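Engineer: Below is the structure I would like to discuss, written out as structure tokens.
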Amino acid sequence: MKKLSLLIIFILAVAALTGCQSPGRNPAGVQGSLIGGTDMNMMGGIPMSGRFTDGMEHPGMFEPVLFAYDSFQVSPAERGKVETVADYLKANPATAVIIEGHSDERGSREYNLALGERRALAVRSYLTGLGISADRIQTKSLGEESPVVPGHDESAWSQNRRGEFVLYY
2 MKKLSLLIIF ILAVAALTGC QSPGRNPAGV QGSLIGGTDM NMMGGIPMSG
52 RFTDGMEHPG MFEPVLFAYD SFQVSPAERG KVETVADYLK ANPATAVIIE
102 GHSDERGSRE YNLALGERRA LAVRSYLTGL GISADRIQTK SLGEESPVVP
152 GHDESAWSQN RRGEFVLYY
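The sequence shown begins at 2 in the working numbering and counts up by one.
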């Protein structure tokens, strides 16, 4: 009976401790982390190769692609930014890129994760149309989880609806 009581206490303690984990943000490239229920090692449904997990990360080298409210179309005004990245990737064939899709805070978490993924995929599609091999491009969505500008108005939201480029060598 004593062993059974100790076993039950142990199981309850383990369950309580695992339920108390804090939901911190996971930086890009953390092995085995989850964002939006997606394993960071499986972005866009494709396993991330060593190129995306072992190389040097260079975020912020290029301007983000901005999107209209509730849209995932790359507007004509933003296409030049993608073309600049394509030119760089053509000149540097050993470089790979992860496109991070973001949304503003409006909408549900699930909706914003899906919208962020559609934005990243739209930028990826434009890059492949410019001649960049799809195996050099991964996508992921951070939804509303990483705003670049804090705030609850259109000026903040317009900057948070974006696709960002993270280069790996």
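For each residue, glycine too, the CB sits at the ideal point set by N, CA and C.
Because the structure is a prediction, the values reported are computed rather than measured.
L122 by DSSP, collapsed to three states: which one?
Structural biologist: If DSSP states are grouped into helix, strand and coil, L122 belongs with the helices.
Engineer: At the level of alpha carbons, what is the spacing between A92 and P65?
Structural biologist: Each residue's Cα considered, the two are about 20 Å apart.
Engineer: Between G164 and G102, which are expected to be in contact by the criterion C-beta below 8 Å, what is the C-beta distance as a whole number of angstroms?
Structural biologist: About 5 Å separates the two Cβ atoms, so the contact holds.
Engineer: I need the straight-line Cα distance from V149 to L143, nearest angstrom please.
Structural biologist: Roughly 12 Å between the two C-alpha positions.
Engineer: Can you tell me whether E165 is helix, strand or coil according to DSSP?
Structural biologist: Strand.
Engineer: For E79 and R137, I'd like the C-alpha separation in whole angstroms.
Structural biologist: Spanning the two alpha carbons is a distance of roughly 21 Å.
Engineer: Go ahead and pull the three-state DSSP assignment for L67.
Structural biologist: Residue state, collapsed to three classes: strand.
Engineer: Give the secondary structure of A78 by DSSP, where H, G and I count as helix, E and B as strand, and everything else as coil.
Structural biologist: If DSSP states are grouped into helix, strand and coil, A78 belongs with coil.
Engineer: Shortest alpha-carbon distance to N161 belongs to which of M62, F63, L67?
Structural biologist: It is L67.
Engineer: Among all the DSSP beta bridges, which residues are the ones paired with A97?
Structural biologist: Its beta-bridge partners are Y169.
Engineer: Assign F127 to one of two classes, buried (16 or more other C-beta atoms within 10 Å of its C-beta) or exposed (fewer than that).
Structural biologist: Contrary to the premise, residue 127 reads as Tyr rather than Phe in this sequence. Looking at its Cβ environment, which holds 16 or more other Cβ atoms inside 10 Å, Y127 is buried.
Engineer: Going straight from the alpha carbon of A95 to that of I133, what length do you get?
Structural biologist: Whole-angstrom Cα-Cα distance: 12 Å.
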